[in-house]
Amino acid sequence: MQYLLPKQVSTRLAGVFASWRGGAASRMAIAAFARRYRVDMSEAAEPDLNAYASFNDFFTRALREDARPLAAADLVCPVDGAVSECGAIAGEQIFQAKGHRYSAAALLGGDAELAARFTDGAFATIYLSPRDYHRIHMPCSGRLVRMIHVPGRLFSVNPVMARRIPGLFARNERVVCLFEGERGPFALVLVGAVIVGSIATVWHGTVTPPRHRRACIWNYAEGEGLALAQGAQMGHFMLGSTVVALFGGPGARFAPEWRTGCPVRMGEAMASFAAP
4 MQYLLPKQVS
14 TRLAGVFASW
24 RGGAASRMAI
34 AAFARRYRVD
44 MSEAAEPDLN
54 AYASFNDFFT
64 RALREDARPL
74 AAADLVCPVD
84 GAVSECGAIA
94 GEQIFQAKGH
104 RYSAAALLGG
114 DAELAARFTD
124 GAFATIYLSP
134 RDYHRIHMPC
144 SGRLVRMIHV
154 PGRLFSVNPV
164 MARRIPGLFA
174 RNERVVCLFE
184 GERGPFALVL
194 VGAVIVGSIA
204 TVWHGTVTPP
214 RHRRACIWNY
224 AEGEGLALAQ
234 GAQMGHFMLG
244 STVVALFGGP
254 GARFAPEWRT
264 GCPVRMGEAM
274 ASFAAP
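Read left to right, the sequence shown gives residues 4 to 279 (this note's numbering).
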């Protein structure tokens, strides 16, 4: 069914609906969604559902300033969600699910030279469900050097599909954000999915839509670039999807509780680096 569904059309329609400001009808739909998915509004900066004029406003809602304190860790979790997989990158191969791997080069849009910087590094794949907080934050401080929009499919990215569709995250549309940090390069890959209306970053705004047929690259390496502190917001989804984080070089050790399926929250300790 994932291959047969009209995913592009469904996603465009979802984007139109999510941006619709339908007054009482929109508020009723948002309230029904919040009940269906048991969204915890007590953490929101604006807990009143009636204050959100559209689903886009609701999906990208801010949290209270004290809702996600940052742990004292080298790497903190960038999103609310659940761990799909995490661990070491085996050469250039990233583990997706039992029986499925994909290459860092495929994930990064086919750039083998760029992928080589993550050889034998570490990765974390985190799934955001519709009920989760949809903003994405920095796992550590870094300077933005490049962004790549890679066109692709729009398969669902839930855990069931991750176990069934080979190379899922390297086949779907995605926005690759590359940074230089104190410990070397790292990347946050924002993976699109069916019904996900758009992906945006704080420095560019909405990256997709529109959806391009060829990869688009933005270089920010000249000059000082954009520096973002650990915990700073770097982007958002209009509906839950997946983030794949890559860290170059060996030494990242994930927290022992980081296992497949475990719920995680933005700001909690994700990993530490071994002493040089």
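All C-beta atoms in this analysis are idealised placements derived from N, C-alpha and C, irrespective of residue type, glycine included.
query	result
First and last residue of the uninterrupted alpha helix (DSSP H) at Pro-169	No alpha helix (DSSP H) holds Pro-169; DSSP gives it neither H nor E.
Span separating the alpha-carbon of Leu-131 from that of Asp-77	22 angstroms
Helix, strand or coil at Phe-61 according to DSSP, with G and I counted as helix	helix
Beta bridge counterpart(s) of Arg-138 as assigned by DSSP	His-239
CB contact below 8 angstroms: Phe-61 versus chain B	Here there is only one protein chain, and chain B is not present.
Buried versus exposed call for Met-269 [16 or more other C-beta atoms within 10 Å across all chains shown]	buried
Closest by C-alpha distance to Ala-218, when choosing among Asn-53, Gln-99, Gly-112 and Gln-96	Gly-112
8 angstroms contact criterion, which Arg-41 and Arg-134 should meet: CB distance rounded	6 angstroms
Close Cβ partners of Arg-177 (< 7 angstroms) along its chain, the five nearest in sequence each way excluded	Val-153, Gly-155, Val-192, Leu-193, Val-194 and Gly-195
Reduced DSSP category for Asn-161 - H, G, I as helix; E, B as strand; rest coil	coil
C-beta contact flag for Leu-52 and Ala-34 at 8 angstroms	yes
Distance between Thr-245 and Val-12 (C-alpha atoms, nearest Å)	Annotation note: pLDDT 47 at Val-12 (below 50); position unreliable, coordinate value reported separately. The straight-line gap from Cα to Cα measures roughly 21 angstroms.
Residue from Ile-151, Arg-149 and Gly-170 with nearest C-alpha to Ser-159	Gly-170
Backbone secondary structure at Leu-191 - three-state DSSP	strand
Cβ pair count under 8 angstroms reaching 3, the segment 178-186 against the segment 140-149	yes
Closest Cα partner of Gln-96 within the set Ala-70, Ser-87, Phe-126 and Val-86	Phe-126
C-beta contact flag for Val-307 and Ile-129 at 8 angstroms	Only positions 4 to 279 of the chain appear in this structure, which leaves residue 307 out of reach.
For Gln-5, the three-state DSSP class (helix, strand or coil)	Reliability of the predicted coordinates at Gln-5 is poor, the pLDDT of 48 falling under 50, and the value obtained from them is presented with this limitation in mind. Note: Gln-5 maps to coil in three-state DSSP.
Residue of Gly-26, Arg-39, Glu-46 and Pro-81 minimising C-alpha distance to Tyr-55	Gly-26
Beta-carbon spacing of Ile-220, Ile-168 below 8 angstroms	no
Spatially closest choice to Cys-180 from Arg-38, Glu-88, Met-141 and Pro-253, by CA coordinates	Met-141
Rounded Cβ spacing between Ala-28 and Ala-48 (contact assumed at less than 8 angstroms)	Between Ala-48 and Ala-28 the Cβ distance is about 24 angstroms, and since that is not below 8 angstroms, they are no contact.
Top-ranked residue by Cα proximity to Phe-276, from Ala-224, Val-210, Glu-88 and Val-79	Val-79
Pair within 8 angstroms by beta-carbon distance, Ile-202 and Gly-238	yes
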